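Quick note on full-length UniProt numbering: the sequence shown kicks off at 1 and runs consecutively.
Glycine included, C-beta positions come from ideal geometry on N, C-alpha and C.
Keep in mind that this is a model prediction, so the values were computed, not measured.
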Amino acid sequence: MNERQTVADDGLTQYPCDVDDVFRLLANARRRELITALHTCDDDRIRLSRLRRQCTTGERADARAWERAVHHVHVPMLDDLGLVDYDADTETLRYYHYELIDDVLSAIDAIDSSH
């Protein structure tokens, strides 16, 4: 097993992520879109309503279906890997940057832009 740690800008270290889990995470286009939006948020925190607006631009996404999928599938997976903390009371995500994810997303973007 190949593991890495996630570290927040404030130095808080999350538990290690398994590289295979990172690739499984990034295999889904919706999660790649979510992570890209999380990566660009201020203070590594974002409310779900703002995240939805950022991720559904240009598409006619059913807001309830999006929220269900994000709340019940994608956020729990990100949380299980230690990439986010979710505060249900404020509906806010805190994102922990992970260099391997940034590298893989950059590689995916490079491949997509070359086609």
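Starting from Leu-48 and walking both ways along the alpha helix (DSSP H), at which residues does that stretch end?
-> Residues 48 to 55.
Alpha helix (DSSP H) segment containing Val-84, residue limits | If you look at Val-84, you'll find it isn't in any alpha helix (DSSP H); it sits in the beta strand (DSSP E) that goes 84 to 87.
Using a threshold of 7 Å, state whether the C-beta atoms of Arg-45 and Arg-94 are closer than that.
-> Contact flag set, yes.
Reduced DSSP secondary structure (H/G/I, E/B, other) of Thr-36 = Thr-36 carries a helical assignment under DSSP once its states are collapsed to helix, strand and coil.
Roughly how many angstroms lie between the CA atoms of Asp-112 and Val-73, to the nearest whole one?
-> Straight-line measurement puts the Cα of Val-73 at about 25 Å from the Cα of Asp-112.
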